[in-house]
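Undergrad:
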Amino acid sequence: MSAWNDTLDAAGIREPALRRDYTTQRTYVAHYRRASYLAARLLLPKAVLPHVIAATAVMHHGDDLLDTGAKPQRLAAWTSWEQEIRKALDSGVSDDPLIRTLLHTTTAFPRLHEVVERYLCTATAELEFTGFATEADYQAYVDAYVLPAFMLVASLLGPEDDAEAFRAGCRVFIDGSQRLDFVNDLAEDLVEGRPGIPAQTLERFSVTVEDLAHRRESPGVQALVEHEIETARASLLAAKALPVLTSNPSGVLLEAVIDIELLTADAALARGARLLRGSVSPPMAGSLRAVLRARRTARRRR
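Numbers -15 to 286, taken from the numbering used here, label the letters of the sequence shown in order.
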């Protein structure tokens, strides 16, 4: 716990109640995304880490509200949460520990205020998601929901200047990451009745939703999966080549995340049409090497 207390000190979080609030979010994020949390602990400067944890907790809490339960329940839960955040941003106070950390992090990183506003304005796109007719529909979903949610965290990792160039780079990355998630999570999404691959793309490979639902590992399905993974990989490689994403001290975390996503793409490609029966994870050894490689880079830059 002393290491965490040192981290809170480095971030200038000294008020006891606020330290407890950040510690609560740390426990939540460490449980929810342990691998990502450990990577952040190893790679981020102490002064940034608590704020990234708080933003990550906000993002995941929003995801849970938008994804859990029947649509009327989700809409009511999200509307209440959005109103709480907006009221807190206006007044500067809140009874909610998570929102209190968000307020403090927004004070420490003023650029986050605009990012939160963008996210709140478009997040309900997730409520309307039932699948995509076309590639354009998928891209609109990335712009409306996926990118604004990702920027809650990513905006804390980017350069102080050239924010729009950084956001554009994040758009390249998150396109690849979300596309990979959709093909990797096909089995789960099919159970929910909303596959993330556009109907237009399915038709191009002569694959139907029924083929996917019945787990038909046909040549068409194999070709479809390969196409989606290779398209995702192209975006991830393009993002990896963008210095604006990775050249600053906190950007090494994004560097590691991109490398781990590429490892996931390799594992998904090896599984192929069998993704209809379950998703894959990146190899642990390769992921650890990616984190350690990024840590060496971070030490050189400091």
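Even for Gly, the Cβ is constructed at its ideal location relative to N, Cα and C.
Note that the structure is predicted; figures quoted are calculated from it, not measured.
Between 27, 34, 10, which lies nearest to residue 303 when the distance is taken from Cα to Cα?
TA: Nothing about residue 303 can be reported from this structure: the residues present for the chain run from -15 to 286 only.
Undergrad: On the three-state DSSP scale, how would you describe residue 36?
TA: Correct three-state label for residue 36: helix.
Undergrad: Which whole-angstrom value describes the C-beta separation of residue 50 and residue 111, a residue pair presumed to lie in contact below a C-beta threshold of 8 Å?
TA: Sure, about 6 Å apart at Cβ, within 8 Å.
Undergrad: Under the three-state reduction of DSSP, which class applies to residue 309: helix, strand or coil?
TA: The first residue shown for the chain is -15 and the last is 286, placing residue 309 beyond what the model contains.
Undergrad: Am I right that residue 208 and residue 186 are in contact with their C-beta atoms under 8 Å? What's the rounded C-beta distance?
TA: Rounded, the Cβ-Cβ distance is 7 Å, consistent with contact.
Undergrad: Spatial neighbours of residue 236 within its chain, please: C-beta separation below 6 Å, excluding the five flanking residues on both sides.
TA: Within the same chain, residue 236 has close Cβ partners 27, 278, 281, 282.
Undergrad: Since I believe residue 141 is in contact with residue 238 (beta carbons under 8 Å), could you give me their beta-carbon distance rounded to a whole number of angstroms?
TA: That belief holds up - the Cβ atoms of residue 238 and residue 141 are roughly 6 Å apart, short of 8 Å.
Undergrad: Please determine, among 166, 23, 120, the residue with the shortest C-alpha to C-alpha distance to residue 241.
TA: Nearest C-alpha to residue 241: 23.
Undergrad: Taking Cβ positions, are residue 67 and residue 40 nearer each other than 9 Å?
TA: Not closer than 9 Å, so no.
Undergrad: DSSP three-state label for residue 48, please.
TA: DSSP places residue 48 in helix when its eight states are reduced to three.
Undergrad: Quick one: complete alpha helix (DSSP H) runs, 4+ long, within the region 53 to 137?
TA: 55 to 75, 81 to 92, 95 to 106, 109 to 112, 119 to 125, all fully within the region 53 to 137.
Undergrad: Any chance you could list the alpha helix (DSSP H) runs of at least 4 consecutive residues sitting entirely within the region 201 to 252, in chain order?
TA: Here the runs fully enclosed are 203 to 224, 227 to 230.
Undergrad: If you reduce the DSSP assignment to three classes, tell me which class residue -1 lands in.
TA: Residue -1 falls in the coil class under three-state DSSP.
Undergrad: Does the Cβ of residue 162 have 16 or more other Cβ atoms within 10 Å, making it buried, or fewer, making it exposed?
TA: The residue is buried, with at least 16 neighbouring Cβ atoms inside 10 Å.
Undergrad: In chain order, what residues of the same chain lie with their CB nearer than 8 Å to the CB of residue 267, ignoring the 5 residues before and after it?
TA: Excluding positions up to five away in sequence, the list reads 247, 251.
Undergrad: Which ranges does the alpha helix (DSSP H) cover as unbroken runs of at least 4 residues, wholly within the region 132 to 171, from first to last along the chain?
TA: Counting whole runs of 4 or more residues, the region 132 to 171 contains the alpha helix (DSSP H) stretches 147 to 168.
Undergrad: In chain order, what residues of the same chain have a beta carbon less than 8 Å from the beta carbon of residue 97, not counting five sequence neighbours either side?
TA: Excluding sequence neighbours, residue 97 sits near 73, 90.
Undergrad: For residue 170 versus residue 177, is the C-beta spacing smaller than 9 Å?
TA: Contact: no.
Undergrad: Near residue 52, which residues of its chain fall below 7 Å by C-beta distance, leaving aside the five closest residues on each side in sequence?
TA: Around residue 52: 58.
Undergrad: Report the rounded CA-to-CA distance for residue 227 versus residue 157, giving the unit in angstroms.
TA: One C-alpha to the other measures close to 13 Å.
Undergrad: How many Å lie between residue 117 and residue -13 at the Cα?
TA: Rounded to whole angstroms, residue 117 to residue -13 spans 49 Å at the Cα level.
Undergrad: Excluding five sequence neighbours on each side, which residues of the same chain lie with their C-beta closer than 8 Å to the C-beta of residue 80?
TA: Excluding positions up to five away in sequence, the list reads 68, 72.
Undergrad: What is the rounded straight-line gap between the Cα of residue 13 and the Cα of residue 182?
TA: C-alpha separation (whole angstroms): 31 Å.
Undergrad: Using a 10 Å radius around the Cβ and a threshold of 16 neighbouring Cβ atoms, would you call residue 105 buried or exposed?
TA: Per the 10 Å Cβ criterion, exposed.
Undergrad: Where residue 234 and residue 144 are concerned, what is the direct C-alpha to C-alpha distance, given to the nearest angstrom?
TA: C-alpha separation (whole angstroms): 11 Å.
Undergrad: What residue from 16, 120, 229, 213 has the CA that sits closest to residue 153's CA?
TA: That would be 229, whose Cα lies nearest to the Cα of residue 153.
Undergrad: Under the three-state reduction of DSSP, which class applies to residue 15: helix, strand or coil?
TA: Correct three-state label for residue 15: helix.
Undergrad: Taking just the CA atoms, how far does residue 60 sit from residue 244?
TA: Going by the C-alpha atoms only, they are around 36 Å apart.
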